[in-house]
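Heads up, the thing below is written out as structure tokens.
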Amino acid sequence: MDFDLTTEQQDVANLCREFAEGEIAPHAQEWDAKAEFPLATVRKMGELGLLGLPFPEKYGGAGADTVSYALAVMEIGRADASVGITMAAHVSLGSQPFFSFGSEEQKQKFLVPLARGERLWAFGLTEPQAGSDAGATKTTAQLRDGRWVVNGTKCFITNAGTQMTGGVTITAVTGAGNGRAEISNVIVSQDTPGYTQAPPYKKMGWRASDTRELHFDNAEVPAENLLGERGRGFKQFLDILDGGRISVGALSVGLAQACYDAASKYARERFQFGQAIAKFQAVQFQLVDMAVEVELARNAVLKAAWLKDQGRDFATAAAMAKLFSGEVSRRCANAAVQIHGGYGFMDEYAVSRYWRDCKINEIGEGTNEVQRMVIARQLGL
Amino acid sequence: MKIVVTVKQVPDTNAEKALDPKTKRLNRSSIENVLNPFDEYAIEEGLRLRESVGGDTTVTILTMAPASGTEVVRKALGMGADSAALISDESVGGSDTMATSYLLAQALRHIGFDLVLSGTQSTDAINSVVPAAVAERLGIPCLTFAKKVTLSDGRIEIQRETESGFWRVAARLPAMVSVTKGINEPRYPTLKGIMGAKKKEIKTLSLAEIGAEPARIGDAGSKTQVDSFATVGARAKGTVITVSDPKEGARQVLDFLIAKKAI
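Just so you know, the protein sequences line up as chains A and B, in that order.
With this note's numbering as the guide, the letters of the first sequence map in order to residues 2 to 382.
With this note's numbering as the guide, the letters of the second sequence map in order to residues 597 to 859.
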């Protein structure tokens, strides 16, 4: 076994930490308060290559491995979970499907500008009536005169409405076969007539990320905008979600680490009863539990990433890592606020934002309950 | 044109530092090392000059560091430098500014250069002596504290920062230039730069290769020795002025500042 990072992985993590501390962390509170999408910063991340991190150079990416990608999301997410999810959703949900299932032509046309960070892309799976039960998709795409005509609604979609968004890939019912809905992935560019994005949701956390409801009203796209094989949409998005769990897990680890850092710093500075509260065992135990869980969650996420890099089956490891680190982030955020006492309840302290940001880690890209279902199935239960 | 940027690996500015009582040197073992922040401006200036001059201009990074020093060199390569050279030998430990400037000058003669760039100082030793000493040893003009650098036809002109403004100083190449913080905004390494860094050469220079004489390096070659050291005592408690009348308070603060010759 080798737990050492390669020099490349270390350098990627160093760059992301430096960028996050210099360009993201100082503004996180303001972006959160104003629910402002940090367009200029995301563009800068694109210029550095962060938005195309794991894709090969020939498609405009940096050619880094999944471990590097996970480390990068941890560092960005440690500074600001909103920017972290913007990056993770763009890479794992927006861009990855083109890389995994796109034709060479689609990769050149769509993936290259995304990997170069010139555009963001969204992935639209969830619908008002089809959340965890993604098979219940109602959005339809009908082939008429050589064009797909899309009708329906998608909700909670990340990165769909920013000024640098190029479009969205959606799951849609393209027909019926064997008594089940035939689901396919369809590419919808931002300028497609009949495709509109509602104003951003008002959210409890991840407030600086762009999340919207999408409407398709006879939105027509060319027949070649089918991504991957017709009728394979269900299998394809399950594949995408497997990989996405690594990045959401990494995001949770980043947030949990931020909680520990803030709580540990505060506990050393805050004096009560004549000594730093970090000297009290009641506080020490909380900090120790946080440190232990952050360490284990980090290892779980990096192991899943490593398995993916080795070309091995990583689905169970990724689901476990996502589930565990999401719960760890919630426990760490709770403890961090508790250690801060009354100050932790104030907007002025970052831990209050962490507390609002952590909850979605147990919901987004598969709730804890769905993760447990997935893992149960993988365990053969 | 060949630009060489001399850089130094320093302990993380934010880390707590301790001196080893035995060697009287900084205990570097438990501290994370970073690229001297002042040197980042020199690297950035080198890259900008390369972009403006064009042609076959290259930027080479030169440093003197233990083998672990490759991390800071890789950062420079990730920013876009073309290659790097590392003077790495146990016997260089303890070198003072005289010995260090000797080693750097020897290495610069060995690798060749048209322009040498450096930061004005390091964040650990803060002597600000090495650039001038290197230039002296090489017999080349030394232009220090540059807040602006212009290059044309083998001539370099700088704006040398002073307290009240700047001097314009010019020289013919080859020359040594130290640049100030604020001359530019150093870029971040890019992902492509990081991934490409492994394809770039990091050459380790032996003492024999650069023709460095053992008597002139390390402790033996150093003109200065650390006799003893002491830690700075804790800062005395500040003065608290407690009054009920704000005007009276303001007057007392004013008197205090005048007494201290602060205003």
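All C-beta atoms in this analysis are idealised placements derived from N, C-alpha and C, irrespective of residue type, glycine included.
Asked	Found
Under 7 Å between C-beta atoms of residue 703(B) and residue 658(B)	yes
Rounded C-alpha distance that separates residue 780(B) from residue 742(B)	11 Å
Host alpha helix (DSSP H) of residue 376(A) (start-end)	369 to 379
C-beta neighbour in chain A for residue 644(B), strict 7 Å	no
Spatial distance of residue 375(A) from residue 305(A) (CA atoms)	15 Å
Nearest neighbour of residue 634(B), chosen from 624(B), 714(B) and 677(B) [CA to CA]	714(B)
Residue 40(A) - DSSP class collapsed to helix/strand/coil	helix
Where the stretch 55 to 84 of chain A meets chain B: residues whose CB sits under 7 Å from a CB there	63, 64 and 65
Beta-carbon spacing of residue 310(A), residue 154(A) below 7 Å	no
Cβ neighbour criterion (16 or more within 10 Å) applied to residue 33(A)	buried
Cβ of residue 784(B) within 7 Å of any chain A Cβ	yes
Rounded Cβ spacing between residue 684(B) and residue 663(B) (contact assumed at less than 8 Å)	6 Å
In chain order, each alpha helix (DSSP H) run of at least 4 residues that lies wholly inside the stretch 667 to 751 of chain B	693 to 707 and 726 to 734
Residues sharing a beta bridge with residue 601(B), DSSP	657(B) and 713(B)
Residue 137(A) beta carbon less than 7 Å from that of residue 169(A)	no
Residue 239(A) (DSSP reduced to helix, strand or coil)	helix
Residue 294(A) versus residue 608(B): straight-line alpha-carbon distance, rounded	27 Å
Start and end residues, alpha helix (DSSP H) containing residue 225(A)	That residue, residue 225(A), is in no alpha helix (DSSP H); it is neither H nor E in DSSP.
Same chain only: Cβ atoms within 8 Å of residue 764(B), ignoring 5 sequence neighbours per side	753, 754, 755 and 756
Test: residue 49(A) CB closer than 7 Å to a CB of chain B	yes
Endpoints, the beta strand (DSSP E) within which residue 158(A) is located	148 to 159
Whole-angstrom distance between residue 793(B) and residue 132(A), CA atom to CA atom	44 Å
Contacts around residue 731(B), its chain only, beta-carbon distance under 6 Å, and the 5 residues preceding and following it disregarded	738 and 772
Helix, strand or coil at residue 47(A) [DSSP, three-state]	helix
9 Å Cβ cut-off: residues of chain A touching residue 787(B)	13, 16, 49, 50, 51, 53, 54, 62, 63, 64, 65, 69 and 73
Best match in 761(B), 667(B) and 818(B) for proximity to residue 689(B) [C-alpha to C-alpha]	818(B)
Three-way DSSP call (helix, strand, coil) for residue 75(A) in this model	helix
Closest Cα partner of residue 69(A) within the set 84(A), 81(A) and 53(A)	53(A)
Neighbour-count burial assignment, residue 760(B), 16 or more Cβ in a 10 Å radius	exposed
C-beta atoms of residue 331(A) and residue 363(A) nearer than 7 Å	yes
Proximal chain A residues relative to residue 790(B), where beta-carbon distance stays under 7 Å	9, 12, 13 and 16
Residue(s) in a DSSP beta bridge with residue 196(A)	217(A)
Continuous beta strand (DSSP E) stretch holding residue 184(A): start and end	181 to 190
Minimum Cβ-Cβ distance from residue 670(B) to chain A less than 7 Å	yes
Under the three-state DSSP convention, the category residue 772(B) falls into	strand
Closer than 8 Å at the beta carbon, the chain A residues around residue 674(B)	12 and 16
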